[in-house]
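Residue numbers (my numbering): 3 to 182. Structure first, then comments.
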């Protein structure tokens, strides 16, 4: 698959983001998806735009990082679904149908809001999470931590095409000391 530049660049008011966007488009058109990815990520950091996130997902796909591609697509839907046309929804559904059999997906539920959620020690956001996280098939350590609570984790084995929900309970540090 090839990353195709989306039609419109980021808002003109952010000139640096627009420069990174242009670099990403040029690199993608030249087939240099690693350079395109870095440029699109830099553009997105400066000014999050739907088209930029789409291109990030397509670069990950072209580079063979299917979980990162699926995560970018899931973020796109979570952040920009209110602006998606029916045609775009159909395209995203088709892309996910292609990716899902090759990846694992993890949904994480945590008893406390605002906890830092991790997969394999990398933060994936704060609870409650709005969507699942794509991972390579295999074992993964899913954790949660928050000030005033005892950190917790669970090892899960996710199969290709599989979906696992992990429920993590945070116990207040004082309660854990009293029980211990």
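Ideal Cβ positions, reconstructed from N, Cα and C, are used throughout, including at glycine.
A Cβ-Cβ contact shorter than 9 Å links residue 59 with residue 97. Inter-segment contact for the stretch 112-131 and the stretch 89-103 is absent: fewer than three beta-carbon pairs are separated by less than 8 Å. Sequence-distant partners of residue 167 (beyond 5 residues in either direction) whose C-beta falls short of 6 Å from its own C-beta, in its chain, are 109. In chain order, 143, 144 and 145 place their CB closer than 7 Å to the CB of residue 155, counting only its own chain and leaving out the 5 sequence neighbours on each side. Taking the C-beta atoms as reference points, residue 22 is found nearer than 9 Å to residue 48. Excluding five sequence positions before and after residue 54, the CB atoms of its chain that fall closer than 7 Å to its own CB belong to 12, 23, 42, 45 and 46, given in chain order.
Under the three-state reduction of DSSP, residue 170 is assigned to strand. The C-beta separation of residue 171 from residue 118 comes to about 15 Å, leaving the pair out of contact by the 8 Å criterion.
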